[in-house]
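What follows is a set of notes on a single structure, which appears directly below.
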Amino acid sequence: MRVSDNGIGIPPEEQLHIFDDFYRVDKNDTNLQMGGMGVGLAIVRALVEAYNGRIWLDSTIGRGSTFTFILPARQVDHSFAAVP
Numbered sequence: 018m019r020v021s022d023n024g025i026g027i028p029p030e031e032q033l034h035i036f037d038d039f040y041r042v043d044k045n046d047t048n049l050q051m052g053g054m055g056v057g058l059a060i061v062r063a064l065v066e067a068y069n070g071r072i073w074l075d076s077t078i079g080r081g082s083t084f085t086f087i088l089p090a091r092q093v094d095h096s097f098a099a100v101p
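In the numbering used here, the protein residues as written are 18 to 101.
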């Protein structure tokens, strides 16, 4: 699954911490008002990792960001009897 935007991008030094609890990107050098409490991506990371998945970020200043996560597939057990 990928989620992309065409926003201002996230600087490399900020990318190191973007999934940390309560971390917010410092936008003092822009006129943007960044909302939130900095927990959303930390929660997403915890959920993805709880299912043995991976999540990562690719971002370019001035071009936007892409968040990607993968989850392992689980094999379905079809050996049970169907309910009439």
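By construction, the Cβ of each residue, glycine as well, lies at the ideal position given by its N, Cα and C atoms. Remember, predicted model here, so these are calculated numbers, not experimental data.
Check	Outcome
What span of residues does the alpha helix (DSSP H) with I60 cover, start to end?	G57 to A67
Between V56 and the rest of its own chain, which residues show a CB-CB distance below 7 Å, the 5 nearest in sequence each way excluded?	D38 and F39
Name the DSSP bridge partner or partners of D37?	None, per the DSSP bridge assignment.
Are the beta-carbon atoms of S21 and T77 separated by less than 9 Å?	no
Could you tell me which of G79, R91, V93 and I72 sits nearest to M18, measuring between CA atoms?	I72
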